[in-house]
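Presented below is the structure to which this report refers.
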Amino acid sequence: MTTLLALSGSLRLGSSNSVLLEAAGLLAPAGMRIELYRGIGTLPHFNPDLDGDNPPETVLDLRRRVGAADGLLISCPEYARGIPGSFKNALDWLVGSFEFPGKPVALFNASPRASDAQAALRLVLTTMSACIVEQASITLPLLATRLDAMGMVEDPEIAASVKAALAAFARTIETSAQAEPEGSG
1 MTTLLALSGS LRLGSSNSVL LEAAGLLAPA GMRIELYRGI GTLPHFNPDL
51 DGDNPPETVL DLRRRVGAAD GLLISCPEYA RGIPGSFKNA LDWLVGSFEF
101 PGKPVALFNA SPRASDAQAA LRLVLTTMSA CIVEQASITL PLLATRLDAM
151 GMVEDPEIAA SVKAALAAFA RTIETSAQAE PEGSG
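If you read the sequence shown in the UniProt record's numbering, its first letter stands for residue 1, the second for the next number, and so on.
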């Protein structure tokens, strides 16, 4: 079973990014489970002084979930031409962790207009040693559609794009796992 941790960069209820990740959970292929992490807003402001021997429990929980996941599925909006502060804060808590480097990441973008945030997100994730899986990263024009998760599942074009991206992500994760030397995981 492939397990993905889905991270939405938006705290807004009904965010098209969060709804897209919910739809991905409904469209996941057999053998894949997608867990939507809902704790971004509960993380304290990043402070290296708090990240010593006893980091906050919410941070430890995020790190455990990242470590347990086979890959990360991220959908992030653009605020003022960049990454929302709350999401950047979550990434900052992962920078010094051993769970994140080398983690496969697929980027789902709910708006073609969010290109600056996507570029910034890619820069940050690459700096953090993420393995961005291009063939599993997609951009969909969802901004003004007001579709809920079931509406996305029932839309043939959206569903096909999400399914293809998830299938590509699963293949990449499976190939990577087979390539790891025994005892390295």
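Just so you know, even glycine gets a beta-carbon here, dropped at the ideal spot from N, CA and C. Computed from a predicted model, the values in this text were never measured in an experiment.
Residue from the options whose Cα sits closest to the Cα of residue i
i       : options                           : result
Arg-33  : Ser-115, Thr-2, Gln-135           : Thr-2
Leu-140 : Pro-156, Leu-94, Leu-60           : Pro-156
His-45  : Ala-120, Arg-146, Asp-92, Leu-147 : Asp-92
Leu-4   : Arg-65, Phe-87, Thr-145           : Arg-65
Alpha carbon of residue i to alpha carbon of residue j, nearest angstrom
i       : j       : result
Ala-24  : Lys-163 : 8 Å
Leu-73  : Ala-136 : 9 Å
Gly-85  : Arg-171 : 32 Å
Ser-115 : Arg-81  : 8 Å
Ala-6   : Pro-48  : 25 Å
Pro-29  : Leu-21  : 14 Å
Ala-159 : Val-153 : 5 Å
Leu-60  : Ser-10  : 21 Å
Asn-89  : Ala-179 : 33 Å
Arg-122 : Arg-63  : 20 Å
Arg-38  : Ala-69  : 15 Å
Ala-177 : Val-95  : 23 Å
Leu-27  : Pro-55  : 35 Å
Thr-58  : Leu-125 : 21 Å
Thr-42  : Phe-87  : 11 Å
With 16 other Cβ atoms within 10 Å as the buried cut-off, status of residue i
i           : result
Ser-18      : buried
Pro-112     : exposed
Gly-52      : exposed
Gly-31      : exposed
Ser-129     : exposed
Glu-134     : exposed
residue 190 : Residue 190 falls outside the range modelled here, since the chain spans only 1 to 185, and no answer is possible.
One or two residues paired with residue i in a DSSP bridge
i       : result
Met-32  : Thr-2
Leu-7   : Tyr-37, Ile-74
Pro-104 : Cys-131
Gly-82  : Tyr-79
field: Contact between the stretch 99-118 and the stretch 60-75 (3+ Cβ pairs under 8 Å)
entry: yes
field: Cβ pair count under 8 Å reaching 3, the stretch 93-103 against the stretch 141-148
entry: Flag = no, the stretch 93-103 and the stretch 141-148 do not touch.
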